[in-house]
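In what follows, a structure is listed as structure tokens, so that the remarks can point back to it.
2 protein chains.
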Amino acid sequence: MKYIYDFEEGNKDMKALLGGKGANLAEMTGMGIPVPPGFTITTEACIYYSEHDGYPEGLPEETARHMEALERKMGKKFGDPEDPLLVSVRSGARASMPGMMDTILNLGLNDLSVRGLAEKTGNPRFAYDSYRRFIAMYGDVVLELKPEGKEERDPFDEILDQKKAEAGVRHDNELPAEDLRDLAERFKAVIKERKGVEFPQDPRRQLDGAIIAVFKSWDNERAIAYRRMYDIPDKWGTAVNVQSMVFGNTGETSATGVGFTRNPATGENRMYGEYLLNAQGEDVVAGIRTPLDIERMKASLPESYEELVRIRDTLDRHFRDMQDFEFTIEDRKLWMLQTRTGKRTGFAAVRIALDMVDEGLITPEEAVSRVDPEGLNDLLRPVFDIAGKEKAEREGVMVATGTPAGPGAATGRVVLFAADAHEQKAADPNVQLLLVRHETSPEDIKGMAAAEGFLTQFGGATSHAALVARQMGKVCVVGCAALDIDYDRRVVRIRRDSEVIEVKEGDWLSIDGTSGKVYLGRIETSPPEIDQVLITRTMKAKDSPVFQDYDRLMKWADRIRKLKVRANADTPGQSEQAIAFGAEGIGLCRTEHMFFGGDRILAVRQMILARDEAGRREALEKLFPMQKEDFTGIFRVMGKRPVTIRLLDPPLHEFLPHGTVEIEEVAGACEITPDEVEERCRSLAEVNPMMGHRGCRLGLTFPEIYEMQVRAIVQAACEVAREGVAVKPEIMIPLVGSRREMAMTRELTVRTADATMAAEGSDITYMVGTMVELPRACIVADLIAENAEFFSFGTNDLTQTAFGISRDDVKGFLPTYMELDIYPNDPFQRLDPFGVRDLMKLAVKRGRSTRKKIKLGICGEHGGDPSSVKICHGIGLDYVSCSPYRVPIARLAAAQAALEQKWRSDRWKDLPPREKTDW
Amino acid sequence: MKYIYDFEEGNKDMKALLGGKGANLAEMTGMGIPVPPGFTITTEACIYYSEHDGYPEGLPEETARHMEALERKMGKKFGDPEDPLLVSVRSGARASMPGMMDTILNLGLNDLSVRGLAEKTGNPRFAYDSYRRFIAMYGDVVLELKPEGKEERDPFDEILDQKKAEAGVRHDNELPAEDLRDLAERFKAVIKERKGVEFPQDPRRQLDGAIIAVFKSWDNERAIAYRRMYDIPDKWGTAVNVQSMVFGNTGETSATGVGFTRNPATGENRMYGEYLLNAQGEDVVAGIRTPLDIERMKASLPESYEELVRIRDTLDRHFRDMQDFEFTIEDRKLWMLQTRTGKRTGFAAVRIALDMVDEGLITPEEAVSRVDPEGLNDLLRPVFDIAGKEKAEREGVMVATGTPAGPGAATGRVVLFAADAHEQKAADPNVQLLLVRHETSPEDIKGMAAAEGFLTQFGGATSHAALVARQMGKVCVVGCAALDIDYDRRVVRIRRDSEVIEVKEGDWLSIDGTSGKVYLGRIETSPPEIDQVLITRTMKAKDSPVFQDYDRLMKWADRIRKLKVRANADTPGQSEQAIAFGAEGIGLCRTEHMFFGGDRILAVRQMILARDEAGRREALEKLFPMQKEDFTGIFRVMGKRPVTIRLLDPPLHEFLPHGTVEIEEVAGACEITPDEVEERCRSLAEVNPMMGHRGCRLGLTFPEIYEMQVRAIVQAACEVAREGVAVKPEIMIPLVGSRREMAMTRELTVRTADATMAAEGSDITYMVGTMVELPRACIVADLIAENAEFFSFGTNDLTQTAFGISRDDVKGFLPTYMELDIYPNDPFQRLDPFGVRDLMKLAVKRGRSTRKKIKLGICGEHGGDPSSVKICHGIGLDYVSCSPYRVPIARLAAAQAALEQKWRSDRWKDLPPREKTDW
């Protein structure tokens, strides 16, 4: 078994084995781009370590051989007291996990060789700077001194701050060599004090510890949380990259930086990045010193800048996608340390994909496959209400500007600690929070997820906060230097000219992630541009580049996808929205939502409380014209598009009156006593209403209800048909679980429809089908299909019944389940790809065995979730249906599912569907 | 397509096509037994008629051809005015449906031929008696004059009673010829008056109408209700038997009767039956005149009696089972009109099966297959408490004696109308009722089901009441002549010597269906003999023939069956009972049942209301010794038999206090305020508790609960093991639905068990497995089986989740569903053979794919239902588990399932599993 590959041996297609970083370092090496030599220990070695808690046989020897080769290549010896070979040790998993894994630089230094390095380079400041960095990283990562919580500070940071204060300097690069040497000593002392061990002087022991630390970091809490969030299998493991060091901290002709081949926030086709002179590694990303715009390198290091621009062009064209790269300049010599596909906002994703098509780099199909469907939310994210914003500007509450790093507008109450944000959101899911911090770090992930947006004092567009904002689709403004955050007193002071404005935790603040502006107070948000073009028509398409990009991409997606996309809509207004977003029909129109409107609820209650069928019929007669009107409205909007209307589903007690006022009102209307009303309410109460007297069980026990609804649907259809519209109602029976339920409700429907059409003297075409939402319905789907022309999977209830979990009652255990990774994700958010999917697949197979052309769709909330759309495509449904706002996402996801099937491309091999063994 | 078979063409194996009656008439014809010639129209013709509402093509012509052949055979012409051929038209389905289908006798008579018959026979009384009977039957059945409800009387009966009053006679056989002729005229007049049509004079039209009426009777309400009750598929249809008439009403040398080859109540090997002189057809069964014991025929018609005894022997041996037969004697000539396997009590079934083995007629295997498992309930039915009965005899409240027709003892409140019994039982399921009537009829079925027993004034052991009692397993006393029932005043008068005792509706009465005795008042019942032998040990085995029969049969069954049978038991006492009834282990021991006992509930509540884990642990420590004691007790009783113990399953709120007193008590114990208790109770309330925070979800969120339970189980097992008992605990995790749930609860269990064994210094063997009760668990059974050594199907919850039906909330629709035949039976009573079974089958297949030797069982209540046991055998489970009292039934059902598989015999071909197409 070969566990180690030199950079010369690999290429970009070996990500599964070498991790993303290792594979791309190899690729760049092969392309002739300057990369410091090194080698990669494979992910297989990591998995072996994770499973056996020890190295695979032969790995130490193999490492030693590759180190010797590296020594030969570099002409230096590892541990040489005069001119030591130094290496970095970095993790690198198959999927990018930024900031999650640990890195160690300058490995190989010890008390002896640091002196050699100082002499050899004639730069003792550089040598001791490197050494103190190495000791701190080693202490944090290998010896686990890095604190986990927010309360405790990193002991090395504390000592550094102390030292800076003693020296009277602001930044660490201002510290002279002797201070740095002293820092190294103090660092070693704190290790001895805290861990009772000496900092290891043997480079081989250092390397060994570092490799194990990287292996172990795969199973640390943050990494596991990240994997859960981004659906990365535990079995992938991380590779370890051992690479000879180059130094950005040898002086003012050295630098380190990060960049993107295109702008990750806007997509603009221009190199974008930041750098720091005389700095090393993580300094840029960590946001310790605010880095400089990369354009400024043109002046300070012109040759390096020119070379970087050339390499940027090469990378962008070679990888045919926007790259996120790291580089170091050592004494004017440029070295590339990493390249990978860059994370981007939804805005940028669309922009870059379209540009690359225009540049001839990719095909429209590839463009469609490049945009994360959820990223479309960026284009559909609220902007500040124009009046509100103008008023804010007029009133002078625009108080600061930072770097825009996550588009959209957000308003919320200031919160200073991520843990507090997490808690407050958990306590009240409706609370709007704005996380304001010096900078954010991987520990803050949960709190960041809870906030509407982030505002940071330090860091640039590539800082952690900006990165996470792009991934999570949050509004974000970074590097807002006017802020001064006092964590102790829990206030933010904002300097504006001479004035200092104090904002307390809990006060409202608003940020614009597109412009970078920060406003005091709460500014209302208004619909996104796309809405303004498509729905409110307050904007013309030609005036909105966002809309034009969206429209171009969606047209391509529509040509590719096989799945039709419908929307769930209950009113004419929602139906109009749905069409604007591209819905090709209504997949779920819930008739009972109409029951609550206006004075209808009184008639509904009269119906429920009636003593007998005659009483029910009388109340239903009152409801009939209103119900019919609902349908005529929807039919007129939808035209010849199909409209699936579900007959009454919820248990009757959901409509009952609460409280004495309502009860008395109903009693009056029904001419019975309030006591009788209460008695009837009590008798209708159920122990488990989700599994009670609802759905077709209502329609079969009180057929007059479904009769009224069918009559209303068919009469409405006849009326609209007479206006010249080829209406296509699809009448859907809920909660069917057996053959006779379907047969009898179908019979009732057809009989009522025939009578209604005869009375109307019109003839319309309609379908009768069912919502498949019970496990038994999936199993006897062949029997049900005898009388059902379509199935629409109601995956909300199907998930509830398959898991035996009431969605209303998960609070007691779902948080624990997610934390313990019992469920890798919430099955109500993403369609369970094992249990529920297998049931659906069975239903598809058995349903088609009876009725080959049965129409199959999904109308549960999963219909708008991309991973669920993929499942629906995979099992061969005809359409998905989701809320109007998710229709574009579903359209794009459907196109990607079709492409995946067509290509079985590397992209998908790289992120395969979860394996059967998973949960 | 051949739709008609002459009796000479068929045999007993053609029941599916010819119906039971037709096939056996053909068989007897083939055996040389005297059967009046005739033919059978097949069940296929009936199904065709039912589906198309019309005859299949060619049937009328085929009927005409067979009628001509019959004319030739009999030397008479159909419709001949001088000497007419008369026929009977009787229905005959594949399964016996006594009293459910309609029959017409004497068909072919009209105003002209009745005179010819009178002249030809020289017996005008006979001719007009036959004619008036024919007109009445035709009017009732074909022209549908028979009333459905209890209020209305049959118009023909009313006229007959009037006529008898006018003539001053008590019985219809006392009416002279002219009165009978007048009756015929009046009957025709009432037809004309009520239906506006003349009674048809053309014999061919009469025959046509009769055949259609039989076809239609297949779909009448009574027939459908009967089919639902006895699980007879709608698609079977009924055959129509057209047979030349023989007459039991030609005078005092003629008779008609019914009999059994053995006693259907006790099983005694002696002909048993009743007859009436000068009577026809239904008179015996209908109970109009009280018939005579068949022994008395020896004196009045000795030759016929001798021949009947010979035929009885032949039939009993030929069919190798007890037969129920009908015969008619016309002028001393014996004709057999029907034979079929006779219904019998459970007592008789066991007795006959054992006797036939001893007689060398059948094998022990056949004997096992002959006893309906539910029939064992007869042997397990209560008898009167001896003290109570002695007291009753002493006090002289034994007031009458009738014919014992359904064994066991019953006590209840008198009710006179079946419809009232049905209503009262529906209103209060605990009410005990005794139905007291002149006689019962098929319309009374529902009310009879609602009563503990029946007591009738008229009718014998073959009357409708006796028949139904045997089928339903009800206590029954018939033909109690001392009764005088006044339906109008709603009282029963009992004549005892000169005294008349009045019993009002609602008063208590007790009957002994084994002795036929009737007692005033309520006599407590006591356990059955088998209990007294096995459990209370108050009786010796040798003193109880019932026990000996039971024991012999069960030993055979145990040798045959493949399924093991366990019991569900929660206490040492129940465990002892279970063993007495033959349980081979405990399949379900519910730990939470123990939580309610004594002062434990307070500790349980303390645990639930604890503020934190420490508080919970403290309360759990209090529960620990009690819980451990429960298990030591059970382990000691069960010895080396396996004991499956389920860890805590129900949601915690089930244990919470209700009402201020309990709340204050708990508040005191927990040292918190009552308000806090109430607040906590509110916060634990769930919308759908069945699908809420329960099962392993509790164990994973509060691991300390399962830890305590596992520790108690293992410590108890260690203690009992040290006493020398090879305990076999099987620890069962409830409500598992995913791989990690099982993996983590298993890990917790093993860790706790290891620690406990280490502390005890003992080592026991135990298993860890899960209850499979969620659809998702069935689907991912392969993943769950990685960590589960056994599956036990919890079919109660699996039925709830597969159907999406809460058992607590079915009241609103299940009655309607049963009535409309949407569900052919209650899926909580009988395992759903399509949906739930398919899920189980999938789980078995997938579970075994991971763990070949996984132990598979069922512990839902279905485990004691014979049809469900058959399914469990079919899908390859290892055992079933049910309540202790149903263990014998499960043992027998398991043996029958094994025999069915071995034989695929006629018996099972005749009653095949329902077809996939059914629901």
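Residue numbers (the numbering used here), protein chains in the order written: chain A, 4 to 922; chain B, 4 to 922. Using N, Cα and C, we set each Cβ at its ideal position, and we do this for glycine too.
- When C-beta distances to chain A are compared with 7 Å, the residues of the region 690-720 of chain B below that value are Val690, Asn691, Pro692, Met693, Met694, Gly695, His696, Arg700, Leu703 and Thr704, in chain order.
- For A:Gln832, no alpha helix (DSSP H) run applies, since DSSP gives it neither H nor E.
- At a Cβ-Cβ threshold of 7 Å, A:Gly411 and A:Val478 count as neighbours.
- Spanning the alpha carbons of B:Leu659 and B:Met693 requires a straight line of approximately 16 Å.
- Linking B:Arg492 to B:Lys507 through their CA atoms gives a straight-line distance of about 9 Å.
- Ranked by Cα distance from B:Asp766, the first of B:Val717, B:Ser809, B:Ala688 and B:Ala422 is B:Val717.
- Going by C-alpha positions, A:Arg562 is about 19 Å away from A:Met359.
- Taking a Cβ-Cβ cut-off of 9 Å, B:Ala282 has no neighbours in chain A, whose nearest Cβ is about 44 Å from it.
- Taking 3 residues as the shortest admissible run, the region 790-868 of chain B contains the following complete beta strand (DSSP E) segments, listed from N- to C-terminal end: 793-796 and 858-861.
- B:Gln341 is bridged by DSSP to B:Glu329.
- Excluding its 5 nearest sequence neighbours in each direction, B:Ala672 has C-beta neighbours in its own chain below 7 Å: Leu605 and Gln609, listed in chain order.
- B:Asp182 places its beta carbon less than 7 Å from that of B:Lys166.
- Going by beta carbons, B:Gly22 and B:Thr46 fall inside the 7 Å limit.
- Close partners of B:Phe806 in chain A (Cβ separation under 7 Å): Gly740, Leu777 and Arg779.
- In the pairwise beta carbon analysis, the region 239-253 of chain B is classified as touching the region 110-129 of chain B: at least three pairs are separated by under 8 Å.
- Per DSSP, reduced to three states, the secondary structure at A:Cys483 is coil, with no helix or strand assignment.
- Chain-order list of chain A residues neighbouring B:Leu842: Pro778, Arg779 and Ile782, by C-beta distance under 9 Å.
- Apart from the 5 residues on each side of it in sequence, B:Arg697 sits with its Cβ closer than 7 Å to the Cβ of Asp652, Pro653, Pro654 and Leu738 in its chain, given in chain order.
- Taking a C-beta distance under 7 Å as the contact criterion, B:Arg644 and B:Met735 do not qualify as a contact pair.
- Runs of the alpha helix (DSSP H) lying entirely within the region 703-776 of chain B, each at least 4 residues long, are 706-725 and 742-763 in chain order.
- Here DSSP, grouped into helix, strand and coil, assigns A:Val172 to coil.
- Within the model, the alpha-carbon separation for A:Glu396 versus A:Gly13 is close to 55 Å.
- Approximately 6 Å separates the beta-carbon atoms of B:Leu751 and B:Pro706; this is inside 8 Å, confirming the contact.
- Within chain A, no residue has its CB atom less than 9 Å from the CB of B:Gln832, the nearest being about 16 Å off.
- At least one beta carbon of chain B lies nearer than 7 Å to the beta carbon of A:Asp812.
- By the Cβ rule, the region 349-357 of chain A counts as touching the region 366-374 of chain A, because three or more pairs are nearer than 8 Å.
- Sequence-distant partners of B:Arg93 (beyond 5 residues in either direction) whose C-beta falls short of 6 Å from its own C-beta, in its chain, are Thr106 and Asn244.
- Straight through space, the alpha carbons of A:Lys301 and A:Tyr308 are spaced by roughly 5 Å.
- Inclusion of B:Leu178 and B:Ala187 in the CB contact set at 7 Å is not warranted, their separation being larger than that value.
- With the criterion set as a beta carbon lying under 8 Å from some beta carbon of chain B, the members of the region 788-800 of chain A are Asp800, in sequence order.
- Per the coordinates, the alpha-carbon of A:Thr704 lies some 8 Å from the alpha-carbon of B:Tyr820.
- At a cut-off of 7 Å, the C-beta of A:Phe837 has a neighbouring C-beta in chain B.
- Against chain B, the CB of A:Ser809 has a partner CB under 7 Å away; the residue lies at that interface.
- For B:Thr819, the closest Cβ of chain A is nearer than 7 Å.
- Among the bridge pairs identified by DSSP, A:Pro87 is matched with A:Lys80.
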